[in-house]
Amino acid sequence: MAETALSPKTTLPTHIRSADSLTRRHWGQLLALAPLFVAACFTGHAEILSVLLICLVSAVAFEFIATKIFGKKENLRSGETVLAAALFSLLMPSRCPSEVVILGVFVAVFVGRELFGGTGAYPLQPLLLARVFLQLCFPQSMTEPILLAGEGSLWMLVSVGLGGSILLKQKNGYWETPVLFMSVCFACEALFGGNSMPLAFFSGVLFAAFFLLADPVTLPLTRKGTALFVLGAALLSSNLSPDGFSIRSAGYAILGMNLLTPFLDIWLKPTPYQMKRLTKATYPA
Amino acid sequence: MTGQKIAEPRGPEGVSVHAGMPGTVERIANLPDALGRESMIIEIRKNGEPKTIPSLEMLKGWEQIPAEELPRIFQHSGLVTTDPRMEPVHTKLQRHAGARAIIINSCEPEPYITCEQVLIMSHALEVLKGAELLKKTLGAKKIFFALESCNLEMIELIKSKIYSLKWEHVEVRIVPALYPQGLESMLLQSWFPGEEKEAVVFPASTAFAVYEAVALKKPFYERVVTVGGECVVEPRSLWLPVGISFQDAIHACKGVMREPQKILMGGPMAGTAQKTTEVFVVTGTNAILALPKEIAKEEPEEPCIRCNRCVDHCPVSLSPVMITLAAERKEFSVAKEWNVADCIECGNCAYVCPSKRPMLKLIRSALPPSGPEAARG
Numbered sequence: 038m039a040e041t042a043l044s045p046k047t048t049l050p051t052h053i054r055s056a057d058s059l060t061r062r063h064w065g066q067l068l069a070l071a072p073l074f075v076a077a078c079f080t081g082h083a084e085i086l087s088v089l090l091i092c093l094v095s096a097v098a099f100e101f102i103a104t105k106i107f108g109k110k111e112n113l114r115s116g117e118t119v120l121a122a123a124l125f126s127l128l129m130p131s132r133c134p135s136e137v138v139i140l141g142v143f144v145a146v147f148v149g150r151e152l153f154g155g156t157g158a159y160p161l162q163p164l165l166l167a168r169v170f171l172q173l174c175f176p177q178s179m180t181e182p183i184l185l186a187g188e189g190s191l192w193m194l195v196s197v198g199l200g201g202s203i204l205l206k207q208k209n210g211y212w213e214t215p216v217l218f219m220s221v222c223f224a225c226e227a228l229f230g231g232n233s234m235p236l237a238f239f240s241g242v243l244f245a246a247f248f249l250l251a252d253p254v255t256l257p258l259t260r261k262g263t264a265l266f267v268l269g270a271a272l273l274s275s276n277l278s279p280d281g282f283s284i285r286s287a288g289y290a291i292l293g294m295n296l297l298t299p300f301l302d303i304w305l306k307p308t309p310y311q312m313k314r315l316t317k318a319t320y321p322a
Numbered sequence: 018m019t020g021q022k023i024a025e026p027r028g029p030e031g032v033s034v035h036a037g038m039p040g041t042v043e044r045i046a047n048l049p050d051a052l053g054r055e056s057m058i059i060e061i062r063k064n065g066e067p068k069t070i071p072s073l074e075m076l077k078g079w080e081q082i083p084a085e086e087l088p089r090i091f092q093h094s095g096l097v098t099t100d101p102r103m104e105p106v107h108t109k110l111q112r113h114a115g116a117r118a119i120i121i122n123s124c125e126p127e128p129y130i131t132c133e134q135v136l137i138m139s140h141a142l143e144v145l146k147g148a149e150l151l152k153k154t155l156g157a158k159k160i161f162f163a164l165e166s167c168n169l170e171m172i173e174l175i176k177s178k179i180y181s182l183k184w185e186h187v188e189v190r191i192v193p194a195l196y197p198q199g200l201e202s203m204l205l206q207s208w209f210p211g212e213e214k215e216a217v218v219f220p221a222s223t224a225f226a227v228y229e230a231v232a233l234k235k236p237f238y239e240r241v242v243t244v245g246g247e248c249v250v251e252p253r254s255l256w257l258p259v260g261i262s263f264q265d266a267i268h269a270c271k272g273v274m275r276e277p278q279k280i281l282m283g284g285p286m287a288g289t290a291q292k293t294t295e296v297f298v299v300t301g302t303n304a305i306l307a308l309p310k311e312i313a314k315e316e317p318e319e320p321c322i323r324c325n326r327c328v329d330h331c332p333v334s335l336s337p338v339m340i341t342l343a344a345e346r347k348e349f350s351v352a353k354e355w356n357v358a359d360c361i362e363c364g365n366c367a368y369v370c371p372s373k374r375p376m377l378k379l380i381r382s383a384l385p386p387s388g389p390e391a392a393r394g
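First to last, the sequence lines map onto chains A and B.
All the letters of the first sequence, read from the start, carry residue numbers 38 to 322 under this note's numbering.
All the letters of the second sequence, read from the start, carry residue numbers 18 to 394 under this note's numbering.
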């Protein structure tokens, strides 16, 4: 019976895996960004497409250089670099010189992500790091992003809302993250801000709530910790500058909270056997 | 012949072993078993018809056997619990002496597996009587019968049997059909939080084997095993003798219709994959699964993106991400600080991980070797 030689190595569980994957998450987030680009083209901000092109080409180039230097496998197919480029182009102001954009992409992709250890290892959100870096170096040209400049338009707001609902539908993050961020920002603006709340303000808050807080790498590791993180980020971004909420202040706020993330992780370490009552089934009558 | 004793227990811990099929003992050797370990295996060359089952007769007055004698019967009938831990029944009872209640676990341990359900649907009364015997041996007061909420027919069946027996000390408890509810520690934790010594869990199939051993004097040499997975032609749960090879077990279900990617012993979440089918059914084998490529594919591993999925899905509220990151860097003291010892190895974290990281492998590398799961290999 047991004459055949048996290889002593048996593979370990788990043998089945959920369909969730990094590639799926990144391309899903890109899908959620699509309405923003469409709305930008229809509201006379077509220059965003050229910014997007610059970002894409330079991000892919820096990614390529990084893989050569650090000897890692490329992650173009997983959509991470494309996502970073698309999101970064939305953070750029209009009439921004292309060399400044390329410098920003360099800081985001090469310094912010790869130098800090690549996917999953960076402590600071690389896109916001790059934007804050540019804000400090070129304060004149780094105004609010193209889409949020001026009074804003209803179409913009609708497209950000649509993108956000696509993100929520994918259930990659907690639903309370954007809800908490938005409610705190609106409350702060209503209490301390002026009376004028242009549409651009709403689009900005929605954009930050959905897309700037969507990167799980720099968020805390528990649900409670994430809620605290969002609370802190929302309070800081509405109160850092006397003008109230802006993408500029949101960048500082989220980066600042990123520094607190490790402390939140340790402080809110889950207690084992805090039983999630799986046994609460009732007998169907 | 079938059911003949072929090995005697050496110490008070051991149990005797009984032949699963008629034949002659060919050799006794150390061979690799289905858990990937070396163990002593008695090889039997089959001769004669496998269907020559010795006739069984109900022992008269089995209900009057005193409780002190029952452990000896368990030991000499080769009774071992039918979960993957495979602890001898009499030592498990000894270890839990003084417990107030017995929990009969009829939850399927993992997806794909239906062996408990099949057994209870055809032998509900015997399972209940076996539970009563276990209760008598332990001197416990109560029996809890854990049933999955999806098995409505089974709930009705058990309730009607309890009603007809007029046993008021048996209580049916419905639990959601949700992995990993069937794990022993999960049942204990949800009903007796903080008092694990108060109750002892036995699978329903163990209770059935106890009944057979006492009332029919039938030694423990066969059990219900689910042979399934998408590759098997006729997947079903069937009685298999302990010691039959996986090859023969799958053959009994008309073989495989296409090349399986993995042959598993146990369920897809915590089972062990086999490289060949020349391994054998043991008492803890609840399923033999042949999974195709699209189900059991190996995907490339990516770095952790701290997405919190594993933290949210851990049934015992651990932080698998911290434990595995520490285990990857061989910082086992950090893993211990994050309570790795409380892990029940259900595999939920590995299932939900979007980066396809080998969470369970890393956690096992950080687990203390003397932990309760060490027996599982």
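We put the beta carbon where it would ideally sit given N, CA and C, even for glycine.
Fair warning: this is a prediction, and the values are worked out from it, not measured in the lab.
| Item | Value |
| --- | --- |
| Min CB distance A:S58 to chain B below 7 Å | yes |
| Test: B:R253 CB closer than 7 Å to a CB of chain A | no |
| Where A:A103 meets chain B, residues with beta-carbon distance less than 7 Å | Residues of chain B passing the Cβ test: none, with the nearest at roughly 14 Å. |
| Classification of B:Q81 by the beta-carbon crowding that lies within 10 angstroms, buried from 16 upward | exposed |
| Contact check, B:K178 vs B:A141, beta carbons under 7 Å | yes |
| Beta-carbon neighbours of A:T118, restricted to chain B and to distances below 9 Å | Within 9 Å Cβ-Cβ: nothing; A:T118 doesn't reach chain B, min ~14 Å. |
| Alpha carbon of B:E74 to alpha carbon of B:R326, nearest angstrom | 54 Å |
| Where A:A83 sits in the DSSP three-state scheme | coil |
| A:Q177 classed as buried or exposed, judged by whether at least 16 other C-beta atoms fall within 10 angstroms | exposed |
| Proximal residues of chain B, C-beta to C-beta of A:T180 below 7 Å | Ordered by position in chain B, no residue passes the 7 Å Cβ test against A:T180, which lies about 32 Å from the chain. |
| Endpoints, alpha helix (DSSP H) assigned at B:K159 | B:K159 -> not in any alpha helix (DSSP H); beta strand (DSSP E) instead, spanning K159 to E165. |
| Inter-residue CB distance, B:V187 and B:L145 (contact presumed, cutoff 8 Å) | 7 Å |
| Contact with chain B by A:L258, beta-carbon distance below 7 Å | yes |
| Segment limits, beta strand (DSSP E) that includes B:R253 | R253 to P258 |
| Chain B residues whose Cβ lies nearer than 8 Å to that of A:V254 | I322 and R323 |
| Within chain A, the residues that B:M103 reaches when beta carbons sit closer than 9 Å | Correct list: empty, because the minimum Cβ distance to chain A is about 17 Å. |
| contact_flag[the region 142 to 151 of chain A, the region 167 to 175 of chain A] where n(CB pairs < 8 Å) is 3 or more | yes |
| Alpha helix (DSSP H) runs contained entirely in the region 198 to 277 of chain A, provided each spans 4 or more residues | 213 to 229, 236 to 244 and 260 to 276 |
| Same chain, Cβ closer than 7 Å to B:P309, five either side skipped, listed in chain order | E247, C248, R275, P277 and Q278 |
| Contacts of B:Y368 in chain A (Cβ-Cβ under 8 Å) | T51, I53, R54 and S55 |
| Beta-carbon neighbours of B:P285, restricted to chain A and to distances below 9 Å | P50, T51, H52 and I53 |
| Listed by chain order, chain B residues near A:R62 by CB distance under 9 Å | I322, C324 and P371 |
| Cβ distance (whole Å) where B:K373 is taken to contact A:S58 below 8 Å | 7 Å |
| Cutoff 7 Å: A:G149 Cβ touching any chain B Cβ | no |
| Nearest-angstrom Cα separation, counted from B:K353 out to A:K306 | 13 Å |
| Residues bridged to B:A116 (per DSSP) | None; B:A116 has no bridge partner. |
| A:G157: contacting residues in chain B (beta-carbon distance under 7 Å) | P320, C321, I322 and R323 |
| Within-7 Å CB hit, B:L182 to chain A | no |
| CB-CB length for B:A84 against B:K153, believed under 8 Å | 5 Å |
| Cβ-based neighbour list, B:H35, same chain, cut-off 6 Å, excluding 5 preceding and 5 following | G20, K22, G95, P236 and Y238 |
| First and last residue of the uninterrupted alpha helix (DSSP H) at B:E188 | Note, B:E188: premise wrong, no alpha helix (DSSP H); beta strand (DSSP E) at V187 to V192. |
| Reduced DSSP category for B:R240 - H, G, I as helix; E, B as strand; rest coil | strand |
| Alpha-carbon spacing of A:F229 relative to A:S196, whole angstroms | 28 Å |
| Inter-residue CB distance, A:G200 and A:L86 (contact presumed, cutoff 8 Å) | So it is not a contact: roughly 17 Å between Cβ atoms. |
| A:S196: CB within 6 Å of a non-hydrogen atom of the ligand ADP | Only the bare structure without any ligand can be found here, which leaves the ligand ADP out of the picture. |
| Minimum Cβ-Cβ distance from B:D265 to chain A less than 7 Å | no |
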